[in-house]
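Undergrad: Heads up: the protein sequence lines correspond to chains A and B, in order. When the letters of the first sequence are read in order and numbered with the working numbering, they come out as residues 201 to 327. When the letters of the second sequence are read in order and numbered with the working numbering, they come out as residues 38 to 276. Here a beta-carbon is modelled for each residue, glycine too, at the ideal position from N, C-alpha and C. Before anything else, here's the structure in question.
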Amino acid sequence: MAYSDKVVDHFNNPRNMGSFKKDEEGVGTGMVGAPECGDVMKLQIKVQNDTIVDAKFKTFGCGSAIASSSLATEWLKGKTIEEAQKIKNTDIVQELNLPPVKIHCSVLAEDAIKAALADYQKKADTK
Amino acid sequence: MDGHTHQHTSGRRELQMARSMCWHCQSEVSGEYFCDRCVKVQPVSKELDYFTCFGFPRRLSIDQQKLEAKFYELSRAFHPDFYQNKSDAEQTISLGNSAMLNTAYRTLRDPIQRAEYLLDLEAGSVKDIRTTPPADLFEEILELQDTLDEFRASDRTSDTAAALRTQLQTERAALEQRQRDMESQLQQLFGRWDALQDRGEATDQARAERDRILKDMRDILSNRTYVKNIVNDLVATIA
């Protein structure tokens, strides 16, 4: 089974790889994993005035998982919190042409977005 | 031709089938892989779980010799080579049964796969349920991956690389120890599961114990996968 060109592109030139300091102002961190394959994904957002100004990820897993999270950070930048909530794994599947066996990678990316948003919200609420 | 012989079916009575009518002669099939009347091979029902297929209860400790013996017995019974001169329908059934049998055997033979399969049966698919990963384990893995990246990028002859290698080797030993710990925890849980099944109680307490065992097994099994992956990465990089 071959990866689509878009997956290969994201895999070879991952966008926004890296991390922010977890306790930095406005940073939300989502860490998720896929127990079936052992992939680990960390996705972070930096929020200012309700808008995601920057996003970073670190993923250790297969090409599709890396591509899914790389794409997710690209999409997150510039979105408001509300818009970001609406990103669905099916959008990622469509954009990257993921085959059925790799759909769980996109689910992982969606979970990571949700976890990062929830973490940001939690930090904002407790302030 | 298809005499009313029962010799092929004797000894297979403990095997259950979810279906009851012979596809060939429409007579009742009373729990074997072969029709009592026309001796035609019967397709193994998709509903049949692997434990039942081998005539085993849903226990996590399995007699490997018995499992193997049963596998060989059924392999002979279903093997496509013995169906070359039979009808197309029988050849198809023989192929399907053989494939199912091989998967069932591979699954039950390995203790980890056996446990994952049991979880599948008992608690819905393990894979569908997102276990919330332990944050500290993830932190640790991500940190280790960073160190691994650092080592990969370093000049292997430098002092920095040597120091990193020593650090990674220590980490590897610690993780391998943790793998062993998890495996013995699993063994304990397997024992508790089997004992609980043997008691066969239907109390609230027994049900709570059952759920707790299944959940603990699932958690350890998924953590085990994360640890296994990082250990593989470590081995591949520093070896």
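List, in order along the chain, the chain A residues whose C-beta lies closer than 8 Å to that of K265(B)?
TA: Per Cβ cutoff of 8 Å: G238.
Undergrad: Does the segment 261-268 of chain A come close enough to the segment 234-251 of chain A that 3 or more CB-CB pairs lie under 8 Å?
TA: The segment 234-251 of chain A, when compared against the segment 261-268 of chain A, does touch it at the 8 Å Cβ threshold.
Undergrad: In three-state DSSP terms, what is Q246(A)?
TA: As written in the sequence, residue 246(A) is Lys, which differs from the Gln given in the question. It is a strand residue.
Undergrad: Check whether chain A comes within 8 Å of T140(B), counting only Cβ atoms and requiring the distance to be less than that.
TA: No, T140(B) lies away from the interface with chain A (no Cβ there is under 8 Å from its Cβ).
Undergrad: Would you mind listing the alpha helix (DSSP H) stretches within the segment 155-213 of chain B that are 4+ residues and don't spill past its ends, in chain order?
TA: If we require 4 residues or more, the alpha helix (DSSP H) runs fully inside the segment 155-213 of chain B come out as 172-190.
Undergrad: In whole angstroms, give me the CA-to-CA distance for S47(B) and S112(B).
TA: At S47(B), the pLDDT of 37 sits below 50, so the modelled position is not reliable; the number obtained from the coordinates is stated separately. Going by the C-alpha atoms only, they are around 16 Å apart.
Undergrad: Distance check for E310(A) and I287(A), CA to CA, integer angstroms please.
TA: If I take the Cα positions, the gap works out to 7 Å.
Undergrad: How about the segment 264-281 of chain A and the segment 294-311 of chain A: do they share at least three Cβ pairs that are nearer than 8 Å?
TA: Yes: the two stretches touch, three or more of their Cβ pairs being nearer than 8 Å.
Undergrad: In chain order, what residues of the same chain have a beta carbon less than 7 Å from the beta carbon of R96(B), not counting five sequence neighbours either side?
TA: Contacts found: D231, Q234.
Undergrad: Check whether chain A comes within 8 Å of K164(B), counting only Cβ atoms and requiring the distance to be less than that.
TA: Reliability of the predicted coordinates at K164(B) is poor, the pLDDT of 48 falling under 50, and no value is obtained from them.
Undergrad: A152(B) and M219(B): beta carbons closer than 8 Å?
TA: No. Outside cutoff.
Undergrad: Could you tell me whether the Cβ of Q182(B) comes closer than 8 Å to any Cβ of chain A?
TA: Cβ-Cβ to chain A under 8 Å: yes for Q182(B).
Undergrad: Counting only Cβ-Cβ distances shorter than 9 Å, please list the residues of the segment 226-237 of chain A near chain B, keeping chain order.
TA: Against chain B - using a Cβ distance shorter than 9 Å - the residues of the segment 226-237 of chain A are M231, V232, G233, A234, P235, E236, C237.
Undergrad: So what does DSSP say about A202(A), is it helix, strand or coil?
TA: The answer is coil: DSSP assigns A202(A) none of H, G, I, E or B.
Undergrad: Given this structure, state the Cα-to-Cα distance separating V247(A) from G237(B), to the nearest angstrom.
TA: Distance between the alpha carbons of V247(A) and G237(B): 55 Å.
Undergrad: For the beta strand (DSSP E) containing T259(A), list its first residue and its last residue.
TA: T259(A) -> beta strand (DSSP E) spans 251-260.
Undergrad: Counting only Cβ-Cβ distances shorter than 7 Å, please list the residues of the segment 255-274 of chain A near chain D, keeping chain order.
TA: This model lacks chain D altogether, as its protein chains are A and B.
Undergrad: Note down, one range per segment and in chain order, each alpha helix (DSSP H) of at least 4 residues found wholly within the segment 256-293 of chain A.
TA: Correct list: 263-276, 281-285.
Undergrad: Report the residue from S82(B), D86(B), C62(B), V81(B) whose alpha carbon sits nearest the alpha carbon of C29(B).
TA: Since the displayed chain B opens at 38 and closes at 276, residue 29(B) lies outside it and no answer follows.
Undergrad: P235(A) and T262(B) look like a contact to me (Cβ under 8 Å); what is the Cβ gap, rounded to whole Å?
TA: Yes, they are in contact, since the Cβ atoms of P235(A) and T262(B) sit about 6 Å apart, within 8 Å.
Undergrad: Please confirm if S259(B) has its CB atom under 8 Å from at least one CB of chain A.
TA: Output row for S259(B): interface = yes.
Undergrad: On a Cα-Cα basis, can you pick out the residue from E110(B), Q121(B), A160(B), T184(B) that is closest to Y142(B)?
TA: Out of E110(B), Q121(B), A160(B), T184(B), E110(B) has the C-alpha closest to the C-alpha of Y142(B).
Undergrad: Anything in chain A within Cβ reach of L271(B), meaning under 7 Å, just list it in chain order.
TA: Those do not exist, as L271(B) stays about 12 Å from chain A at its closest Cβ, beyond 7 Å.
Undergrad: Against chain B, does F220(A) count as a neighbour if the rule is that its beta carbon must be under 8 Å from one of theirs?
TA: Output row for F220(A): interface = no.
Undergrad: Relative to the C-alpha of D319(A), which candidate in A202(A), T229(A), M217(A) has its C-alpha closest?
TA: Of the candidates A202(A), T229(A), M217(A), the one whose C-alpha sits nearest the C-alpha of D319(A) is T229(A).
Undergrad: Against F175(B), what residues of chain A qualify as contacts under a CB-to-CB distance less than 7 Å, listed in chain order?
TA: Ordered by position in chain A, the residues that pass the 7 Å Cβ test against F175(B) are M231, G233, V240.
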